[in-house]
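Heads up: the protein sequence lines correspond to chains A and B, in order.
So the first sequence is numbered by this note's numbering: it starts at 1 and just counts up by one.
So the second sequence is numbered by this note's numbering: it starts at 361 and just counts up by one.
All remarks here apply to the structure that follows.
There are 2 protein chains.
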Amino acid sequence: MHDLLKAADAGARGCAGRTVQHQKLATIEDVAAIAGVSIATVSRAINEPTKVADETRRRVSEAIAQTGYTTNAMARSLRMRRSNMILILAPDVGDPNFSNILVGLETEASKRGYGVLIGNTQNDATRETDYLRFISSNQADGLILFTGHLPYGFGSDGGESRLPPMVAVNEPVSDSDVPFVGVDNFEGARVAAEHLISQGHRRIAFIGRSTSRAVNQLREKGYRAALEGAGIAVDPRLILDGDGTTESGRQAAEHMFVRDVLPTAFFCVNDATALGVIISLNARRYDLPREFSVMGFDDISFASFVSPSLTTMKQPRLKIGEEAMDLLLARLEGQPLERKEVLLRAELIVRNSVSRLGRE
Amino acid sequence: MHDLLKAADAGARGCAGRTVQHQKLATIEDVAAIAGVSIATVSRAINEPTKVADETRRRVSEAIAQTGYTTNAMARSLRMRRSNMILILAPDVGDPNFSNILVGLETEASKRGYGVLIGNTQNDATRETDYLRFISSNQADGLILFTGHLPYGFGSDGGESRLPPMVAVNEPVSDSDVPFVGVDNFEGARVAAEHLISQGHRRIAFIGRSTSRAVNQLREKGYRAALEGAGIAVDPRLILDGDGTTESGRQAAEHMFVRDVLPTAFFCVNDATALGVIISLNARRYDLPREFSVMGFDDISFASFVSPSLTTMKQPRLKIGEEAMDLLLARLEGQPLERKEVLLRAELIVRNSVSRLGRE
DNA sequence: ATCACACGTGTAAAGGTTTACACTGCGTCA
DNA sequence: TGACGCAGTGTAAACCTTTACACGTGTGAT
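This is how it looks when you write it as structure tokens:
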């Protein structure tokens, strides 16, 4: 009690003007003094309650309540050589897929006593490198990657062993054995394309081919597998490039009309692309979905608000986040890594942008 | 050199199975040994370069490069009693306004050597309280609030003095003197409503009245001021409640048609609400914007993708984030707080959802 | 020649934990 | 009765920095 009052005066540092007086907080020593035990006992009462006598534990609890003591995380981290923090590296926190996965990550982490630190890299190598200081300075114990590549600076050189435990989400990390948690893109795309086929479509375009994006490639493969499974020949003229942006979807659709090789349905690599296609079709005054069907992938938040509302494959984002964090934490806690890849099923969400062919 | 090799062996802790071998990192002592100076000099060479001789500094730099040394943030934080971390408390990281503000916050923080920690509270009191441990355990030095209220647990009781430096964004914190950085909602709403008036509209609905949300109230006031300034009487039947969700916008519009008291233009409290109104109008097969004009507020990402694309007021989110962080960091560094409120101008973005009245 | 002072560096304390090791009683078993 | 083990606790080291203070040397002024 006495100690605490005295401590309150200290606080302020000698800077000019008025400085923030980060009130000197109660330490484990204050608690020990009040409870009449040693600091070791207080520490044990907190961390290994079974190891201290009931009566002692009670006194310590009381002292803690009285002082409002909280363990100083810095001191603990310093001593334990771990921070209980996870660094999340994302190229763009505005990405519609990001936030829900984040919620999952954060929920699971929080549940297990970890905090999450977010690094928005904007695909800038400097920023990526910069964020690694959190790892190398012990401020974070592990890494979740949204970026689809190893952080710049952790190249393919021998330094590999320096890598902290990592898990990739959203996009797998190519050419590495970083475990990945995500949706089964191949299977999901196949289900999506099969849905279009089941509605009578046979001329189905794929919008969003890309030689560089693993996700796009998997979804294209799923599309091809579905067509093949139904005995439909793949028409290369119906496969258009795209980088997954709305604009790329719009352009691809326009391109089709220019070349005048038209499908009856558009299978888009993602919802953003599908939105671009819909914008293009709407602008051309087509009546959707009567004249063209459009299918997306992801089920981002406004898929249901577009007109016509978008039929798409829903990514179980919350689940992805939780699983990824679970996997990472398990590794951190020394459990051997059992799976290099966790694939979750995408769910078909039927709305109004796909209709049965020929239903007039 | 020798030391480092030996250190590499240590690492692993005695847990069962194979444990993560957080490679023992080089410490300031290793560097000092190699450079042939004391650890104090190394520290100075890093933090106050002018205070060490050129030649010494060179040797230290070399030793640092050789060992790959990075200063241990935990030890530093412990010693300095500050973590150079900012905690961001947000009710929903998926909120379309959130991500861009975050980018601003994070950019400014990063520029000044701070990191940001994100707490997604989902408006859950438990989670809010839970996140405060970051503050009370010294893991974060300051707080950015998206929540519009003081974190639960920091009630109105005498404990106020325990509050860490804070800045509110997105929503001001009512009944407190927490500084706020945001858009000038009153002025922005007035500009928006004046735009509608300038297009000939006189029967303008306000969608999104709320007795509890400060933002809604300010925007409503701006709307009223604009009408008043133009000598237009406010018709209470044209003012409808709403909580800012898309669904509330849809319902409000539907409600108007049921009561059959119709405006020529809808001024919506935000873009999400406007989207709901547009969905309703589209569903009723009205030709927009010929038959009804709709105006939003915020300029969220897909305002330009709706059909018709949304005329709205753009919030300077990046700037808001930067200013807010700047303000907070200034306080942390002991500068007196000069402004309790920083209001930035919203910008009118003219798209296709508003048309001149009577243009057929 | 003396003093003052600046510059560059080292020594050691402090910051708040966790935990290996040692110690004290006390009960149990031979 | 003695040996032993166990439960509960304390002591002190270790984690890695930053920085106040002290020290030694060289330079300029008096």
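Where a beta carbon is used, it is the ideal one built from N, C-alpha and C, also for glycine.
Bridge-paired residues (DSSP) for residue i
i	result
MET313(A)	LEU348(A)
LEU196(A)	For LEU196(A), which the question treats as bridged, DSSP gives no partner whatsoever.
PHE506(B)	Bridge partners of PHE506(B): none, in fact.
ALA205(A)	PHE266(A)
Nearest-angstrom Cβ-Cβ length linking residue i and residue j, presumed shorter than 8 Å
i	j	result
ASN120(A)	ALA168(A)	About 17 Å; that fails the 8 Å criterion.
ILE567(B)	ALA553(B)	Not a contact, Cβ separation roughly 12 Å.
MET526(B)	LEU505(B)	6 Å
ASP298(A)	ASN97(A)	6 Å
ALA363(A)	PHE292(A)	For chain A, the structure presents residues 1 to 360; residue 363(A) sits outside this window and is missing.
LEU196(A)	VAL306(A)	So it is not a contact: roughly 18 Å between Cβ atoms.
ALA395(B)	ALA423(B)	4 Å
SER536(B)	LEU510(B)	6 Å
SER309(A)	ARG351(A)	4 Å
GLU544(B)	LEU704(B)	The sequence shown places Asp at residue 544(B), not Glu. So it is a contact: roughly 7 Å between Cβ atoms.
ALA632(B)	GLN675(B)	Actually they are not in contact, since the Cβ atoms of ALA632(B) and GLN675(B) sit about 13 Å apart, beyond 8 Å.
THR671(B)	GLY636(B)	Contact flag wrong, Cβ pair sits at about 16 Å.
ILE349(A)	ILE101(A)	That pair is no contact at about 18 Å.
LEU238(A)	VAL261(A)	7 Å
GLU322(A)	GLY68(A)	Not confirmed; about 33 Å, so no contact.
GLN482(B)	ASP452(B)	7 Å
LEU337(A)	GLY142(A)	The pair is not a contact, with the Cβ atoms about 12 Å apart (cut-off 8 Å).
SER137(A)	ALA500(B)	That pair is no contact at about 16 Å.
ASP241(A)	GLU108(A)	The pair is not a contact, with the Cβ atoms about 37 Å apart (cut-off 8 Å).
PHE186(A)	GLY222(A)	4 Å
Under the three-state DSSP convention, the category residue i falls into
i	result
GLY656(B)	coil
VAL354(B)	Outside the modelled stretch of chain B, which goes from 361 to 720, sits residue 354(B), for which no answer is possible.
ALA528(B)	strand
GLU701(B)	strand
ALA490(B)	It is worth fixing the name first, because residue 490(B) is Asp in this sequence and not Ala. Correct three-state label for ASP490(B): helix.
VAL261(A)	coil
VAL575(B)	helix
ILE186(A)	For the record, residue 186(A) in the displayed sequence is Phe; it is not Ile. Three-state DSSP puts PHE186(A) in a helix.
ALA500(B)	coil
LEU328(A)	helix
GLY513(B)	coil
ARG356(A)	coil
GLY681(B)	helix
LYS581(B)	helix
ARG290(A)	coil
THR246(A)	helix
GLN335(A)	coil
SER366(A)	Summary: the structure shown does not reach residue 366(A), with chain A confined to residues 1 through 360, and so no result is reported for it.
ALA386(B)	coil
SER176(A)	coil
SER110(A)	helix
GLY158(A)	Any reading at GLY158(A) must be qualified, since the residue scores a pLDDT of 38, below 50, and its modelled position is unreliable; no value is offered.
Limits of the unbroken alpha helix (DSSP H) element including residue i
i	result
ILE232(A)	Element bounds for ILE232(A): n/a, residue is neither H nor E.
CYS276(A)	The displayed chain sequence assigns Gly, not Cys, to residue 276(A). Element bounds for GLY276(A): 271-283.
Span of the beta strand (DSSP E) around residue i
i	result
VAL181(A)	180-183
ASN480(B)	475-480
LEU240(A)	239-241
- Whole runs of the beta strand (DSSP E) within the stretch 28-105 of chain A, excluding any shorter than 3 residues: 85-90
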